[in-house]
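In the working numbering, the protein residues as written are 22 to 603.
Quick reminder that beta carbons are idealized off the backbone N, C-alpha and C, glycines included.
Structure first, then comments.
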């Protein structure tokens with residue numbers, strides 16, 4: 022990702038430089054053809070092609086870039102060096118995040134080494150005739166050195182001879198051993214390693230560096246002093262800007278407060294966005310402008326790549342959470358409902374997936390094995406799942422409640438012997454405010470597996486009115502009583518909707534003549550239902566009294582058979598006092 026940022030910035034700078042800079046670009050390739058690759062079909066071709074291509078880059082630096090240090094010229098030299106390095110070096114063990122810079126650095130070290138040691142005559146190096154046989158050499162070692170070329174045995178480069186991965190890794194150490202030796206061949210630019218260590222990169226002319234005081238060009242801890250000071254200033258500037266972003270986000274959070282969950286979530290993006298912009302930009306400046314050495318540049322690039330992916334994971338998490346809060350803030354979703362909780366859960370799961378994916382990709386970029394990372398995440402996830410079985414069961418219960426929708430926040434339900442109003446439906450439990458005022462919390466695992474009576478879902482409230490008339494009520498009065506009951510109920514016709522009351526002479530009961538009325542009160546507002554039937558009850562009493570219709574009381578009749586023993590009935594008075602005379 023860092024290299025894409027570098028290229029984007031270079032393209033912007035190149036566009037800003039104008040067409041004149043592009044027109045002045047001269048090809049630094051040895052063949053003069055920008056697409057002609059180095060021949061790697063034999064050890065001789067690889068070695069000679071590498072040296073000739075590197076000589077061309079040196080001449081380009083000496084004759085073009087040093088005289089006219091434009092961005093276009095620097096980019097052309099870098100591309101030529103990079104193209105040659107990727108062509109002749111075995112880089113499959115190098116992390117993708119550092120592959121570009123490692124290739125260029127290793128090619129420069131290798132070029133300086135090969136220019137300072139005595140090379141065998143060209144005819145002594147295996148050429149086309151040696152590799153054309155049935156048993157081409159698998160490797161070739163530069164005499165007197167550990168510099169090795171190996172033959173690629175598979176893939177698109179099969180049959181090519183490349184400088185081995187060990188040669189790439191040891192290039193800097195080998196250069197330190199030969200840097201004091203004189204050149205054995207003619208080179209266009211002397212000691213390109215020291216030139217690269219001293220000069221800057223983009224926008225810094227080499228002559229300006231040469232005119233600096235001597236102490237600024239001296240080396241401390243392997244880094245030129247002026248680069249060390251510039252790097253310290255860059256780090257301080259980035260830290261100051263991130264601190265400013267943190268201060269700004271804090272002020273915005275205090276201003277928003279609890280008024281907007283969406284605003285608070287979006288404010289949390291200020292710091293990570295600042296980091297994800299400033300850190301890669303700082304890595305680009307350190308490597309492309311200040312041009313620090315590889316010992317420091319490689320950790321900077323790897324660190325910036327890691328920070329970008331970690332902060333990208335942070336941004337993905339916050340963005341998903343903010344999107345959920347934005348949906349919940351809309352009128353369609355009520356706060357405290359299961360819909361809101363499930364939206365938050367899904368947003369967090371989605372954010373976690375994005376975050377883990379970015380972290381895994383970042384680990385692969387900086388050279389960590391992707392298979393090992395996935396295995397580690399899998400083992401960690403399994404351990405967390407085993408440790409949180411109860412929580413996961415409750416979360417699954419929440420999802421079942423979300424899909425079945427047996428109740429919502431505000432519904433009156435009856436479950437597990439509790440009756441009350443649902444206050445909140447969380448991811449772990451449901452809270453019910455019982456009618457006596459107590460708050461009951463029931464795990465969602467149980468709520469998803471028991472019978473739930475949702476009182477609020479009824480379309481109407483049914484009531485059965487039972488009236489008992491005395492047995493001495495004549496049939497015409499019984500019929501009149503039913504008519505009166507219908508008339509009383511018809512006075513509340515607006516409350517019956519499409520279900521009008523049903524009135525019947527139901528039964529000849531043991532102690533009364535039973536009238537029954539079935540009513541369905543609509544809408545099902547409980548306290549309005551109670552108030553309406555309070556008025557209905559009073560009206561029934563009033564109308565029955567006007568009609569002279571008597572209600573029956575529960576009575577029982579005892580019949581004594583002839584010849585049975587008489588029953589003695591006595592009235593008892595108050596018990597005498599303990600000291601009263603007998």
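Whole-angstrom distance between residue j and residue i, CA atom to CA atom
i           : j           : result
residue 88  : residue 272 : 51 Å
residue 194 : residue 246 : 22 Å
residue 66  : residue 181 : 10 Å
residue 337 : residue 372 : 6 Å
residue 202 : residue 94  : 30 Å
residue 539 : residue 545 : 15 Å
residue 569 : residue 533 : 16 Å
residue 230 : residue 86  : 14 Å
residue 444 : residue 320 : 54 Å
residue 270 : residue 107 : 44 Å
residue 480 : residue 575 : 35 Å
residue 374 : residue 380 : 10 Å
residue 120 : residue 295 : 27 Å
residue 514 : residue 504 : 15 Å
residue 341 : residue 439 : 37 Å
residue 204 : residue 137 : 4 Å
residue 97  : residue 364 : 52 Å
residue 149 : residue 316 : 38 Å
residue 562 : residue 498 : 15 Å
residue 422 : residue 414 : 12 Å
residue 165 : residue 313 : 32 Å
residue 157 : residue 175 : 14 Å
residue 369 : residue 471 : 28 Å
residue 133 : residue 383 : 34 Å
residue 352 : residue 361 : 12 Å
residue 155 : residue 209 : 40 Å
residue 152 : residue 214 : 33 Å
For residue j and residue i, believed in contact at Cβ under 8 Å, the rounded distance
i           : j           : result
residue 111 : residue 63  : Rounded, the Cβ-Cβ distance is 16 Å, inconsistent with contact.
residue 475 : residue 434 : 5 Å
residue 72  : residue 135 : 6 Å
residue 418 : residue 468 : 6 Å
residue 259 : residue 303 : 5 Å
residue 196 : residue 130 : 4 Å
residue 343 : residue 265 : Rounded, the Cβ-Cβ distance is 22 Å, inconsistent with contact.
residue 318 : residue 122 : 6 Å
residue 274 : residue 285 : 6 Å
Which of helix, strand or coil DSSP assigns to residue i
i           : result
residue 543 : coil
residue 525 : strand
residue 132 : helix
residue 338 : helix
residue 161 : strand
residue 446 : strand
residue 186 : helix
residue 192 : helix
residue 218 : helix
residue 169 : strand
residue 6   : Since the displayed the chain opens at 22 and closes at 603, residue 6 lies outside it and no answer follows.
residue 387 : coil
residue 225 : coil
residue 241 : strand
residue 208 : coil
residue 434 : strand
residue 377 : helix
residue 316 : helix
residue 534 : strand
residue 572 : strand
residue 345 : helix
residue 558 : helix
residue 323 : helix
residue 368 : helix
residue 513 : coil
residue 563 : helix
is_contact[residue i, chain B] using C-beta, thresh 8 Å
i           : result
residue 109 : Structure shown: chain B not included; a single protein chain is present.
For this session: Go through the region 244 to 308 residue by residue and report every complete run of the beta strand (DSSP E) that reaches 3 residues or more, in order.
Result: Complete beta strand (DSSP E) runs here, min 3: none at all.
Exercise. Using 8 Å as the Cβ pair cut-off and three pairs as the minimum, do the region 323 to 333 and the region 107 to 127 touch?
Worked result: The region 107 to 127 and the region 323 to 333 touch, with three or more beta-carbon pairs separated by less than 8 Å.
Exercise. Taking three-plus beta-carbon pairs below 8 Å as touching, is the region 501 to 512 in contact with the region 552 to 563?
Worked result: With three or more CB-CB distances shorter than 8 Å, the region 501 to 512 counts as touching the region 552 to 563.
Exercise. Can you list the alpha helix (DSSP H) stretches of 4 or more residues lying completely in the region 60 to 118, in chain order?
Worked result: Complete alpha helix (DSSP H) runs here, min 4: 64 to 81 and 92 to 109.
Exercise. If you pair each beta-carbon of the region 293 to 301 with each one of the region 341 to 352, do three or more pairs fall below 8 Å?
Worked result: Result no; under three Cβ-Cβ pairs closer than 8 Å.
For this session: Flag this pair as touching only if the region 446 to 462 and the region 489 to 506 have three or more C-beta atom pairs under 8 Å; answer yes or no.
Result: By the Cβ rule, the region 446 to 462 does not count as touching the region 489 to 506, because fewer than three pairs are nearer than 8 Å.
Problem set entry | Length-filtered (4 minimum) alpha helix (DSSP H) runs lying within the region 436 to 494 | The region 436 to 494 contains these whole alpha helix (DSSP H) runs: 465 to 468.
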